[in-house]
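Each remark here refers to the structure printed beneath this line.
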Amino acid sequence: MGILSVKMFIKIDQYSQFNDPSNRYCNGSIRSLDENIYVRDFAEGFFAGLQICFTGPSDNEMYMVGRAYWSNGYIHWEDGEPMDYQPATGCNSLNLPTDGSMTPIIAVVDYVSQNACLYRIQDTTFYSLSSNCQYFLCKQDGH
Numbered sequence: 001m002g003i004l005s006v007k008m009f010i011k012i013d014q015y016s017q018f019n020d021p022s023n024r025y026c027n028g029s030i031r032s033l034d035e036n037i038y039v040r041d042f043a044e045g046f047f048a049g050l051q052i053c054f055t056g057p058s059d060n061e062m063y064m065v066g067r068a069y070w071s072n073g074y075i076h077w078e079d080g081e082p083m084d085y086q087p088a089t090g091c092n093s094l095n096l097p098t099d100g101s102m103t104p105i106i107a108v109v110d111y112v113s114q115n116a117c118l119y120r121i122q123d124t125t126f127y128s129l130s131s132n133c134q135y136f137l138c139k140q141d142g143h
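Going by the working numbering, the first residue of the sequence shown is number 1, and it counts up by one from there.
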């Protein structure tokens, strides 16, 4: 694994706060596999500390990482950066609508492999989680 050389400001907040004006810069891209691993490890530590969400031995942790869209044959994060890293081994590719619509993306950490795979929100059980377990991970875009 390479060294993560990008400085990031990351926080985890309740999903219900996603559209709060104080979170307007939470559209930073994950630009590499190393960043994805860092973000995954950060989130896992957060959820382990809560002791209220994903407490079962076979629970897959999940959290929203941002919104993405399809444009000119490529997937882009909300801030326009391309989603330019390969998913972890065993993860399926994202199948986003090709009409350019913004789609919420959820990271699901598999409890067996510890891989963090990315999914469209509608392909997960995120909305069926209790509201106190619905979180998004804010990676600020440099503002």
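C-beta atoms are modelled at their ideal positions from N, C-alpha and C, and glycine is treated no differently.
Exercise. Roughly how many whole angstroms lie between the Cα atoms of Q114 and F42?
Worked result: Sequence index remark: in the sequence shown, residue 114 carries index 114 (1-based). Sequence index remark: in the sequence shown, residue 42 carries index 42 (1-based). Straight-line Cα distance between these residues: approximately 13 Å.
Exercise. Helix, strand or coil: which one does DSSP assign to E35?
Worked result: The sequence position of residue 35 within the sequence shown is 35, counting from 1. Residue state, collapsed to three classes: helix.
For this session: In angstroms with no decimal places, state the Cα-to-Cα distance between T125 and L118.
Result: Against the sequence shown, residue 125 aligns to sequence position 125. Against the sequence shown, residue 118 aligns to sequence position 118. Straight-line Cα distance between these residues: approximately 13 Å.
For this session: For V6, collect the residues of the same chain with a Cβ closer than 6 Å to its Cβ; drop the 5 residues on either side in sequence, then sort them by chain order.
Result: Residue mapping note: residue 6 aligns to position 6 of the sequence shown, counting from 1. In this prediction, V6 scores a pLDDT of 41, lower than 50, which makes its location untrustworthy; no coordinate-derived value is stated.
For this session: Report yes if the C-beta distance between D84 and I106 is below 9 Å; otherwise report no.
Result: Position 84 of the sequence shown holds residue 84. Position 106 of the sequence shown holds residue 106. Not in contact: D84 and I106 (Cβ atoms no closer than 9 Å).
Exercise. CA-CA distance, P158 and L33?
Worked result: Residue 158 lies beyond the residue range present for the chain, which begins at 1 and ends at 143; the question has no answer from this structure.
Problem set entry | Reference G80; option with closest CA among I30, S131 and Q134 | The residue labelled residue 80 in the question sits at position 80 within the sequence shown. Nearest of I30, S131 and Q134 to G80, Cα basis: I30.
Problem set entry | Buried/exposed call for Y69, threshold 16 Cβ in 10 Å | Start at 1 with the first residue of the sequence shown, and residue 69 comes out as number 69. Buried, since its Cβ has 16 or more Cβ neighbours within 10 Å.
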